[in-house]
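Number of protein chains: 2
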Amino acid sequence: MINNDICLDAKSIHKLSSGGLSSKTLKEQIDDDLEFLLQLWHSQGLQITKQHGSFYFATKFISVEDAEFCIVDIETNGSKIEKHQIIEIAAVKVKNGEIVDSYESLVYCNEINPHITEITGITAEDTKDAPNLKRVMYDFKVFLGDAVFIAHDVKFDYKFISQSMQKVGLAPLLNRNLCSLSLAERTIESYRYALSYLNEIFSLNPSATHHRAMSDVLTTYELFKLSLTNLDETVETVEDLIKFTKEAKRLKRPKFDPLLKESQE
Amino acid sequence: MINNDICLDAKSIHKLSSGGLSSKTLKEQIDDDLEFLLQLWHSQGLQITKQHGSFYFATKFISVEDAEFCIVDIETNGSKIEKHQIIEIAAVKVKNGEIVDSYESLVYCNEINPHITEITGITAEDTKDAPNLKRVMYDFKVFLGDAVFIAHDVKFDYKFISQSMQKVGLAPLLNRNLCSLSLAERTIESYRYALSYLNEIFSLNPSATHHRAMSDVLTTYELFKLSLTNLDETVETVEDLIKFTKEAKRLKRPKFDPLLKESQE
Numbered sequence: 242m243i244n245n246d247i248c249l250d251a252k253s254i255h256k257l258s259s260g261g262l263s264s265k266t267l268k269e270q271i272d273d274d275l276e277f278l279l280q281l282w283h284s285q286g287l288q289i290t291k292q293h294g295s296f297y298f299a300t301k302f303i304s305v306e307d308a309e310f311c312i313v314d315i316e317t318n319g320s321k322i323e324k325h326q327i328i329e330i331a332a333v334k335v336k337n338g339e340i341v342d343s344y345e346s347l348v349y350c351n352e353i354n355p356h357i358t359e360i361t362g363i364t365a366e367d368t369k370d371a372p373n374l375k376r377v378m379y380d381f382k383v384f385l386g387d388a389v390f391i392a393h394d395v396k397f398d399y400k401f402i403s404q405s406m407q408k409v410g411l412a413p414l415l416n417r418n419l420c421s422l423s424l425a426e427r428t429i430e431s432y433r434y435a436l437s438y439l440n441e442i443f444s445l446n447p448s449a450t451h452h453r454a455m456s457d458v459l460t461t462y463e464l465f466k467l468s469l470t471n472l473d474e475t476v477e478t479v480e481d482l483i484k485f486t487k488e489a490k491r492l493k494r495p496k497f498d499p500l501l502k503e504s505q506e
Numbered sequence: 242m243i244n245n246d247i248c249l250d251a252k253s254i255h256k257l258s259s260g261g262l263s264s265k266t267l268k269e270q271i272d273d274d275l276e277f278l279l280q281l282w283h284s285q286g287l288q289i290t291k292q293h294g295s296f297y298f299a300t301k302f303i304s305v306e307d308a309e310f311c312i313v314d315i316e317t318n319g320s321k322i323e324k325h326q327i328i329e330i331a332a333v334k335v336k337n338g339e340i341v342d343s344y345e346s347l348v349y350c351n352e353i354n355p356h357i358t359e360i361t362g363i364t365a366e367d368t369k370d371a372p373n374l375k376r377v378m379y380d381f382k383v384f385l386g387d388a389v390f391i392a393h394d395v396k397f398d399y400k401f402i403s404q405s406m407q408k409v410g411l412a413p414l415l416n417r418n419l420c421s422l423s424l425a426e427r428t429i430e431s432y433r434y435a436l437s438y439l440n441e442i443f444s445l446n447p448s449a450t451h452h453r454a455m456s457d458v459l460t461t462y463e464l465f466k467l468s469l470t471n472l473d474e475t476v477e478t479v480e481d482l483i484k485f486t487k488e489a490k491r492l493k494r495p496k497f498d499p500l501l502k503e504s505q506e
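So the sequences go chain by chain: A and B. Counted from 1, the first sequence has number 327 at position 86 by this note's numbering; the numbering is strictly sequential. Counted from 1, the second sequence has number 435 at position 194 by this note's numbering; the numbering is strictly sequential.
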């Protein structure tokens, strides 16, 4: 495995988000100069701060209201990074529930198979004047900064983007990240949690064009806001929220699919 | 240690430059998809090719004449990456003994101590309209590509640049590299091998302004050409040259410093 993780064991990573990690332990695990390493990690989207002699993710001290979240969606011409590429990316930056900035771009691609065009509506012809992957990844990296990366089923988007960055010579991402699907499972009762399904049930984004990047980002944004209204009150900081998203109990699923019921009636 | 090496053991790295590495061994050492990994490494300046079922550095099959070398020099405001930065960089691309392209830039720096200004002649004021480190590293990365990185005492420049790239969010360098000082020790008889000394003895670059990046690059270029004229004839490919530079016997040093003798006479 190349470059994908910061070189700390799981226990230390846990400590950075909770009880703090001592200088001694941090220094034991790295052989680079510490200051330099913290700079590198920051350049990869991860800010680590020192408080009373211990190190923490900066997000441990940032409230959910003050944090900068970056909600992201990509369309790709297939799911395998070694064969496929991003063909569209969109993102909004969210602070205190408001969209404060946005970024979107198609990506030049010389071949998109008909199945993908059917899902996304994007043809290779549509991308012929779009910037190439390198240009888009460099621009998106500047946009993302060290914001908390959010996507619906975040693993796919995060990994695909991080690996795409590496493909063009950038370092992999280390941004803290949060899955809007996992958060929804713990804050919103639903029979299913696919974005299109949640959109239909909760009318999140009435003008949605599902499987276009910015449309899905805006749906996810509405979903994220809805999730936040139903949060456990013990969740104060970003790290509380990440922990809640992973560890809180999932809500009970209704016995029947309300959408299916309607269509059967 | 983060990101600085490709994840292969020393034996495998040796094999990539000599007898080739089998798919099986390469796959055993990595858990990523191989095609993707080769793409990543290429994005970091290292091209690996497959021949008859084994993997090799592409430079094993490229003759010294056909290879693209990038001769590089940096000036910094100190030697420690965690405190200091590049303040000037220059490079020329050399193919078959000819300069085919060049790149140089000052780098914006808000403080340069008087000692450094004395050595380089560069003041913070001189850099006030220069692009910042991020801009320069992105541009230099595009210039460098997968050329063989050459510098006089290559370790310092290579490591400082690779770490500077990481500071601004780029992946570390994996380019093959070659030390013009080590090569000179094996091809040119001299009492000392400092660039300014060699310049004086061999009149490499008569108009040299030592400790300005492009001037030192041009001196190194002349030195490199002189070294190549004295090569062992068994050296044909780039990998032969790298091996020769590291492993051939150093030439015997004259008993007296001719420069010192002159000044004493």
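Where a beta carbon is used, it is the ideal one built from N, C-alpha and C, also for glycine.
Item: For a minimum of 3 consecutive residues, which ranges assigned as the beta strand (DSSP E) are wholly contained in the region 280 to 335 of chain B?; Value: 289 to 292, 295 to 298 and 309 to 317
Item: Any beta carbon from chain B within less than 8 Å of A:S284's own beta carbon?; Value: yes
Item: Could you tell me the distance, in whole angstroms, from the CA atom of A:V335 to the CA atom of B:G410?; Value: 23 Å
Item: Give a yes or no on whether 8 Å exceeds the smallest Cβ distance from A:L411 to chain B.; Value: yes
Item: Is the CB of A:Q326 under 8 Å away from at least one CB in chain B?; Value: no
Item: Using a Cβ cut-off of 8 Å (strictly closer), state whether B:E480 contacts chain A.; Value: no
Item: So what does DSSP say about B:N418, is it helix, strand or coil?; Value: strand
Item: Are there 16 or more other CB atoms within 10 angstroms of the CB of A:I340, so buried, or fewer, so exposed?; Value: exposed
Item: Since B:F381 meets chain A, which of its residues come closer than 7 Å, beta carbon to beta carbon?; Value: Simply none; closest approach about 11 Å.
Item: Output, in chain order, the set of chain A residues within a Cβ distance shorter than 8 Å of B:I322.; Value: D274 and F277
Item: Between the region 301 to 319 of chain B and the region 393 to 412 of chain B, do at least 3 Cβ pairs fall closer than 8 Å?; Value: yes
Item: Grab me the residues of A:D394's own chain with a C-beta within less than 6 Å of its C-beta, minus the 5 sequence neighbours each way, in chain order.; Value: L422
Item: Please report the distance separating the alpha-carbon of B:L219 from that of B:I328.; Value: Because chain B here runs from 242 to 506, residue 219 of chain B falls outside it and cannot be looked at.
Item: Is A:I363 buried or exposed, if buried means 16 or more other CB atoms sit within 10 Å of its CB?; Value: buried
Item: Could you tell me the boundaries of the alpha helix (DSSP H) in which A:V395 lies?; Value: V395 to K408
Item: Buried or exposed for B:Q270, please, with buried defined as at least 16 other CB atoms from any protein chain shown within 10 angstroms of its CB.; Value: exposed
Item: Would you mind listing the alpha helix (DSSP H) stretches within the region 333 to 397 of chain A that are 4+ residues and don't spill past its ends, in chain order?; Value: 355 to 361 and 374 to 385
Item: Does A:F310 pass the burial test, meaning 16 or more other C-beta atoms within 10 Å, or should it be called exposed?; Value: buried
Item: Excluding the five sequence neighbours on either side, which residues of its own chain have a C-beta within less than 6 Å of the C-beta of A:L469, listed in chain order?; Value: none
Item: In chain order, what residues of the region 391 to 420 of chain A put their CB closer than 9 Å to some CB of chain B?; Value: Q404, M406, Q407, K408, V409, G410, L411, A412 and P413
Item: Thinking C-alpha only, which one of B:S320, B:L249, B:H293 and B:V333 is nearest B:S456?; Value: B:V333
Item: Going by DSSP, what residue range makes up the alpha helix (DSSP H) through A:I429?; Value: That residue, A:I429, is in no alpha helix (DSSP H); it is neither H nor E in DSSP.
Item: Are the beta-carbon atoms of B:R417 and B:F298 separated by less than 8 Å?; Value: yes
Item: Cα-Cα, which of B:N440, B:F384 and B:P447 is closest to B:L414?; Value: B:F384
Item: Tell me where the alpha helix (DSSP H) around B:V434 begins and ends.; Value: Per the sequence shown, the amino acid found at residue 434 of chain B is Tyr instead of Val. Here B:Y434 belongs to no alpha helix (DSSP H), and DSSP marks it neither H nor E.
Item: Under the rule that 16 or more other beta-carbon atoms within 10 Å means buried, what is B:N440, buried or exposed?; Value: buried
Item: Quick check on DSSP: helix, strand or coil for A:T461?; Value: helix
Item: Any idea if B:D387 is buried or exposed, counting beta-carbon neighbours within 10 angstroms, 16 or more meaning buried?; Value: buried
Item: For the pair the region 351 to 368 of chain A and the region 490 to 504 of chain A, tell me if three or more CB-CB distances fall below 8 Å.; Value: no
Item: Is there a Cβ of chain B sitting closer than 8 Å to that of A:D498, yes or no?; Value: no
Item: Pick out whichever of A:S343, A:H356, A:K301 and A:E323 has its Cα sitting closest to the Cα of A:Y462.; Value: A:S343
Item: So for B:N244, helix, strand or coil by DSSP?; Value: The predicted position of B:N244 is uncertain, since its pLDDT is 37 and thus under 50; no value can be drawn from it.
Item: Measuring alpha carbon to alpha carbon, tell me which residue in A:K382, A:C420 and A:K400 is nearest A:A392.; Value: A:C420
Item: From A:A449 to A:E345, what does the alpha carbon distance come to, in whole angstroms?; Value: 16 Å
Item: Looking at A:T300 and A:V377, is the spacing between their C-beta atoms short of 8 Å?; Value: no
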